[in-house]
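Engineer:
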Amino acid sequence: MRRILLAAVAALAIAALPGAQAPAQQQVVNVYNWTDYIDPAVIERFTAETGIRVRYDVFDTLEALEGKLSAGRSGYDVIVPTAEPTFARLLRAGALRPLDMARIPNAANLDPALMARVANVDPGNRHGLIYLWGSIGLGMNAERIRALAPDAPLDSLALLLDPRHARRIAPCGIAVMDSAGDVLPSVLRHLGFSPDSVAPAELEAAQRALLAIRPYLRSIPSPPALLEALAAGEICLAFAFSGDVIQAAGRAAEANRGHTITYVAPREGAQLWFDVMAIPADAPNPEAAHAFINFVLQPDVMAAITTQVGYPNAVPGSLPLLAAEIREDSSVYPDTATLADSFVAGTPAAAGERARARVWARFRAGR
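According to mature numbering (1 follows the signal peptide of the UniProt record, and there is no 0), the stretch in the sequence shown is residues -22 to -1, 1 to 345, in order.
1. Please go through the same chain and pick out, in chain order, the residues whose beta-carbon is closer than 7 angstroms to the beta-carbon of leucine 297, but skip the five residues on each side of it.
2. Apply the 10 Å Cβ neighbour rule to glutamate 62 and answer buried if 16 or more other Cβ atoms are within range, or exposed otherwise.
3. Given a cut-off of 7 angstroms, decide if isoleucine 239 and alanine 227 are closer than it, judged by their beta-carbon atoms.
4. Run through the DSSP bridge pairs and tell me what asparagine 11 is partnered with.
5. If you follow the alpha helix (DSSP H) that threonine 25 is in, where does it begin and where does it stop?
6. Does the beta-carbon distance from arginine 196 to alanine 153 come in below 7 angstroms?
7. Quick one, which of Tyr311, Ala125, Ile224, Leu299 has its alpha-carbon nearest valine 279's?
8. Within 10 angstroms of the Cβ of glycine 117, are there 16 or more other Cβ atoms? Answer buried if so, exposed if not.
9. Could you pull out every residue in the same chain whose Cβ sits closer than 7 angstroms to the Cβ of asparagine 103, ignoring the five residues on either side in sequence?
10. Take isoleucine 108 as the anchor and find which of Thr314, Leu77, Ala218, Tyr34 has the nearest alpha-carbon.
11. Under the three-state reduction of DSSP, which class applies to asparagine 166: helix, strand or coil?
12. If we ignore side chains and look at the alpha-carbon of each, how far apart do phenylalanine 24 and alanine 184 end up?
13. Smallest Cα separation from serine 48: which of Phe65, Arg33, Ser320?
14. Just the Cα atoms here: how many angstroms apart are valine 322 and threonine 316?
15. Please report how far the alpha carbon of proline 244 lies from the alpha carbon of leucine 208, in whole angstroms.
16. Please return the same chain residues whose Cβ sits closer than 6 angstroms to the Cβ of alanine 148, not counting the five positions on each side in sequence.
17. Are the beta-carbon atoms belonging to glycine 247 and tyrosine 289 less than 7 angstroms from one another?
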């Protein structure tokens, strides 16, 4: 999951009655996306080219998205859930409309290999198409860490999960994002278990590992708050989404804060995640939703979004349109070896999710 609504986007938002039908130039598409997760110019261009206005709302946690959708009649036409777990849960609940691929010819622009990873959740990719994707790893100010722990491994999760290292690094600030589904799989894998495990003994081992470093954490914030703390230099080590670290690095550089932030995918293998565009089953304007998704999947549009937010997209045709420093940055587009070592976490059954939630609650409480 990651991103205050930009003023340029907010200015485009207009009210619309759910289900209302109007001439094309007066139609509205209701989009619900992550905070700071689009180029505002894309919204402007979509309206200019189609005559369809955009009401653009944002969320910063998957729980907020699920809460809106589970209540029904959300009023949204396009949502952008993470494939695991939210998209998977919505799909199981019958809360998503199958996509009419005849209305989305630009779906052909998507990378088949990446779409195959999402097909594990959505067979045939019938309900969701990749918007952006990335990995989960370590955001750091390596210089500050080296000053405190010169022998600590900067390319390993041991930097965070080994209490010997965490204790020494703690003075410059450590944070872990508040997201069990995005943290526990990597902890389990680091311990030698399946990232999808819900076995009591293995969850207990993960809990012990997290509690062992809990005294050395400055905070367990939401992803947006973690991004700001990293950019401001309030912390020197974060377990976070790759794009959030990249955005933090950009903000620190723009503000001339005097520190350099880098992203590292752990050598043990980074968890990949995929945010997908989907249409709720009760979307008031599915026709406009299909038009919006098709528009976004154009190579030049996806290039503009990646340039703005720092996350990779799944449209290979966008790569030549990106600046070399983005296209060739392995923290944005992982190399082949990194992708080969990566994994996609599954969504446990309800009992497993409850067990994981208990582990996370104890970690947050520190006991």
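Heads up, the beta-carbon is just placed ideally off N, CA and C, and yes, glycines get one too. From a predicted model like this one, the values you see are computed outputs, not experimental measurements.
Structural biologist: With the given structure in hand:
1. Numbered from its first residue, the sequence shown carries residue 297 at position 319. Counting only Cβ-Cβ distances below 7 angstroms, and skipping sequence neighbours, we find Arg305.
2. Stepping through the sequence shown from its first residue, residue 62 is reached at position 84. Classification of glutamate 62: buried, given that the 10 Å Cβ count is 16 or more.
3. Against the sequence shown, residue 227 aligns to sequence position 249. Against the sequence shown, residue 239 aligns to sequence position 261. The answer is yes: Cβ separation under 7 angstroms.
4. Here residue 11 corresponds to residue number 33 of the sequence shown, with the count starting at 1. DSSP output for asparagine 11 lists Val36 as bridge partner(s).
5. As a position in the sequence shown, residue 25 is number 47, starting the count at 1. Where threonine 25 is concerned, the enclosing alpha helix (DSSP H) stretches over 18 to 28.
6. Residue 196 sits at position 218 when you count from the first residue of the sequence shown. Residue 153 sits at position 175 when you count from the first residue of the sequence shown. Yes, Cβ-Cβ distance for arginine 196 and alanine 153 is below 7 angstroms.
7. For the purposes of this step, residue 279 is identified with residue 301 of the sequence shown, where counting begins at 1. That would be Leu299, whose Cα lies nearest to the Cα of valine 279.
8. Taking the sequence shown and counting its residues from 1, the one referred to as residue 117 is at position 139. When all chains shown are included, glycine 117 counts as buried.
9. Residue 103 sits at position 125 when you count from the first residue of the sequence shown. Within the same chain, asparagine 103 has close Cβ partners Met93, Val96, Ala97.
10. The count along the sequence shown starts at 1 and reaches residue 108 at position 130. Cα-wise, what sits closest to isoleucine 108 is Leu77.
11. For the purposes of this step, residue 166 is identified with residue 188 of the sequence shown, where counting begins at 1. Residue 166 is actually leucine in this sequence, not asparagine. Helix, per DSSP.
12. The count along the sequence shown starts at 1 and reaches residue 24 at position 46. The count along the sequence shown starts at 1 and reaches residue 184 at position 206. Approximately 46 angstroms between the Cα atoms of the pair.
13. The count along the sequence shown starts at 1 and reaches residue 48 at position 70. If we check each option's Cα against that of serine 48, Phe65 comes out closest.
14. Walking along the sequence shown from the start, residue 322 turns up at place 344. Walking along the sequence shown from the start, residue 316 turns up at place 338. Distance between the alpha carbons of valine 322 and threonine 316: 13 angstroms.
15. Mapped onto the sequence shown, residue 244 falls at position 266. Mapped onto the sequence shown, residue 208 falls at position 230. About 18 angstroms.
16. Translated into positions along the sequence shown, residue 148 becomes position 170. For alanine 148, where only same-chain residues beyond five positions count, the Cβ hits under 6 angstroms are Tyr194.
17. On the sequence shown, residue 247 is found 269 positions in, with the first residue counted as 1. On the sequence shown, residue 289 is found 311 positions in, with the first residue counted as 1. No, they are not a contact pair.
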